[in-house]
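Beneath this line is the structure, given in structure tokens, with notes to follow.
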Amino acid sequence: MLRNFSIVTVLCLTMCLGACSNPKETINLAQFDQQIRALNWFSAGSPNTDVEKVMPFDDAYLSRRHALLENLDYTELSRENKHTYAYLKIQQRYPERFLIWPAQINVLESAVKHFSQQEIDAWLSLAKLTLQTGRDSKILLSRIEKAQILSYLESTSYNSKAARELAHYLHTYNTRSGIGLYQHPNGKEWYQSKINYYTDGVYAPYELADMLSQTTQKVSEPIRLNWQANEELISQPMALNLLGDKCEPVAGMNWRDLFINIRKTVLECGTVLSKEQLSVAATLAEVDIGVHMFAWSQQQAMHRLQSRLVIDEAQAYALLKNIVLFPATTLVYLPHFKRL
């Protein structure tokens, strides 16, 4: 009798705890969009009117990002947004927690507007620490990323011991030998996830490389570009720069793409591009997969850019930086290359 009473008591307690526990908070797409933009206040695509008080890729950021993705009501998403959602979930597996300063963004320039010196210095110290611990996991900056972050530190008016220590550490920091994602642990898998996302398909890297090589070989003469190497080539993917102001951006969920759905934007208005512009996109895509998947050296990538395009060394380096900082984004033009 006593045994039966105990069993009933346990069952009742279990049911009570289950009923009383807080259900998972569910948010809709509009709520997610507002909150993910506030979380990624440092992105050029965020309005900076609503800032969540966390710094890029610190523990609070990683926890909050995970919670937002878990709480988003997946069932209400369009096919396109489900595709992006799956991609964002996958990206959590990869080594951003060891590379907490996104090299395409001058985090300091934005942070001083919203955070105290103590908060910024804590993050700068964390950036140094994660670079040190990342080395143990063979997760290292490329020389291009290192140079870009150093340029922010050495041109800023922000002056603190933590900033100076990070700059000093970077000056003595040994980068990985290559510049592509392939050198990271699971780097080829990481790049493959980007191929799948930006092409909305599944392509074997060698198949894709062959397609791009055949496409660029159709262009008989180098293409002349009428632009200067500038900071705009660092702040947003070249896939968007090629469109200029010809197209209305389609809103997206990915902060790295400035909250623009690049693939959908190009799909809807890529036909406005000339054959010359598409030839540039094809060249960039060819170099992109060469750098990130097939271990092309910086010299090899620069040579290919300058042999396909009429550009000087500064322009070629600016394009290469864009390829390093925004992997696989120019692959969104793949369906349009058949026009060449």
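First residue of the sequence shown? That's 15 in the working numbering, and the numbers climb one at a time after it. In this text, a Cβ means the ideal position worked out from N, Cα and C, and glycines have one as well. These numbers were taken from a predicted model, which means no experiment stands behind them.
Spatial neighbours of residue i in its chain, beta-carbon cut-off 8 Å, leaving aside the 5 residues before and after
| i | result |
| --- | --- |
| N18 | Because N18 carries a pLDDT of 46, less than 50, the predicted location of this residue cannot be relied on, and no value is offered for it. |
| E84 | K38 |
| H97 | Y211, D214 |
| P199 | P109, S151, K152, I153 |
| N95 | L43, M267 |
| A52 | S60, D64, V65, E66 |
| S174 | Q131, I134, D135, L138 |
| G148 | P109, F112, L113, L154 |
Same chain only: Cβ atoms within 7 Å of residue i, ignoring 5 sequence neighbours per side
| i | result |
| --- | --- |
| Q320 | A330 |
| F46 | L82, L86 |
| S35 | Confidence at S35 is low in this model, with a pLDDT of 46, below 50, so the placement of that residue is unreliable and no value is reported for it. |
| K260 | C283, V286 |
| W204 | Y108, L195, H198 |
Cβ-based neighbour list, residue i, same chain, cut-off 6 Å, excluding 5 preceding and 5 following
| i | result |
| --- | --- |
| H128 | V65 |
| E159 | A117 |
| T170 | L122 |
| I119 | F56 |
| V264 | N275, K278, T279 |
| L348 | T213 |
| Y101 | Y211 |
| M69 | W137 |
Residue j beta carbon less than 8 Å from that of residue i
| i | j | result |
| --- | --- | --- |
| Y172 | L145 | no |
| L272 | A58 | yes |
| L143 | T229 | no |
| L226 | E290 | no |
| A315 | F351 | no |
| Y220 | H306 | no |
| L184 | I303 | no |
| I50 | W269 | yes |
| Y166 | L122 | yes |
| H80 | Q106 | yes |
| R111 | L164 | no |
Per-residue burial, residue i [other beta carbons within 10 Å of its own, 16 or more giving buried]
| i | result |
| --- | --- |
| E294 | Reading off the sequence, residue 294 comes out as Val, not Glu. So V294 ends up on the buried side. |
| E168 | exposed |
| Q162 | buried |
| T63 | exposed |
| G194 | buried |
| T279 | buried |
| G201 | buried |
| V346 | buried |
| D73 | exposed |
| Q231 | exposed |
| A218 | exposed |
| V216 | exposed |
| G192 | buried |
| A328 | exposed |
| V324 | exposed |
| L334 | buried |
In DSSP terms, what residue i is bridged to
| i | result |
| --- | --- |
| R277 | R277 pairs with nothing; no bridge assigned. |
| I337 | I337 pairs with nothing; no bridge assigned. |
| I41 | L86 |
| L356 | The question about residue 356 has no answer, for the chain in this structure spans 15 to 354. |
| A265 | I274 |
### Query
Is the number of C-beta pairs between the region 335–345 and the region 208–226 that are closer than 8 Å three or more?
With the cut-off at 8 Å, the region 335–345 and the region 208–226 touch.
### Task
Determine, using beta-carbon pairs with one atom in the region 303–318 and one in the region 232–241, whether at least three such pairs fall under 8 Å.
Because the criterion of three Cβ pairs below 8 Å is not met, the region 303–318 and the region 232–241 do not touch.
### Task
State whether the region 175–186 contacts the region 137–144, with contact taken as three or more CB pairs (one from each stretch) at a distance under 8 Å.
Because the criterion of three Cβ pairs below 8 Å is met, the region 175–186 and the region 137–144 touch.
### Task
Evaluate contact between the region 88–99 and the region 145–165, counting only Cβ atoms and requiring at least three cross-stretch pairs below 8 Å.
With the cut-off at 8 Å, the region 88–99 and the region 145–165 do not touch.
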